[in-house]
Ligand SMILES: [Zn+2]
């Protein structure tokens, strides 16, 4: 019997522009060696001996892991979406990619945010390969995030690049910063959504999308 948080973020706040230039800022200004030294310092600070056998390679492994967690700074999601198909035999119904898994990290504690995203749009001439939608989720999640901004960035990018009749994104995720620290609550997930175009203006379109979000998956 876990509490289920379904606080729908309205996200009218001024969120970072989804098509902002790649924030690749740190690369090149901090050397690999410096980063590993910093991780060594943290290991010492928690009371460990960074020179013992099991830990000797840990700063190196941590650096590589961080590269992977934050690989999204090196990529431009808008560029990924620019390859569109315009010949779709007049297909003009909703396209929804459901339950895309992602792992991100909160910008407050660098703790994992693990969840799924439902990404839908109603095309207007331009359709994109479905794997590209998953890539957009991945690129934005491989950055320091808050869930509200992640949700908005995915939706805004699709809206700006594909210029569809509407874009809808729902994200459900568990936040490790409230599981393993802080209030120590397991089993709660946070639900955020961003509805643009017809999904914001038309209750029927929105309901149709949300029914697909809540329906059983195919496998
Ligand atoms: Zn946090």
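Numbering (this note's numbering), first residue to last: 91 to 309.
Backbone N, C-alpha and C fix where the C-beta goes; we use that ideal spot for every residue, glycine too.
Residue i CB to nearest heavy atom of ligand 1 below 6 Å
i: residue 201; result: yes
i: residue 198; result: yes
Start and end residues, alpha helix (DSSP H) containing residue i
i: residue 206; result: No alpha helix (DSSP H) contains residue 206, which is instead part of the beta strand (DSSP E) from 202-212.
i: residue 150; result: 148-159
i: residue 294; result: 293-304
i: residue 145; result: Looking at the DSSP string, residue 145 is not in any alpha helix (DSSP H), and its letter there is neither H nor E.
i: residue 71; result: Beyond the ends of the chain as shown, which are 91 and 309, falls residue 71; an answer cannot be given.
Cβ separation of residue i and residue j, assumed to be a contact under 8 Å, to the nearest whole Å
i: residue 227; j: residue 209; result: 7 Å
i: residue 302; j: residue 186; result: 5 Å
i: residue 281; j: residue 260; result: 7 Å
i: residue 266; j: residue 202; result: 4 Å
Cβ-based burial, residue i [other Cβ within 10 Å; buried from 16]
i: residue 136; result: exposed
i: residue 151; result: exposed
i: residue 246; result: buried
i: residue 241; result: buried
i: residue 238; result: buried
i: residue 180; result: exposed
DSSP three-state assignment for residue i, whether helix, strand or coil
i: residue 325; result: Past the boundaries of the shown model lies residue 325; the chain is included only from 91 to 309, so the question cannot be answered.
i: residue 218; result: strand
i: residue 125; result: helix
i: residue 131; result: helix
i: residue 290; result: helix
i: residue 185; result: strand
i: residue 308; result: coil
Where the beta strand (DSSP E) containing residue i begins and where it ends
i: residue 119; result: No beta strand (DSSP E) contains residue 119, which DSSP labels as neither H nor E.
i: residue 258; result: 256-265
i: residue 281; result: 280-287
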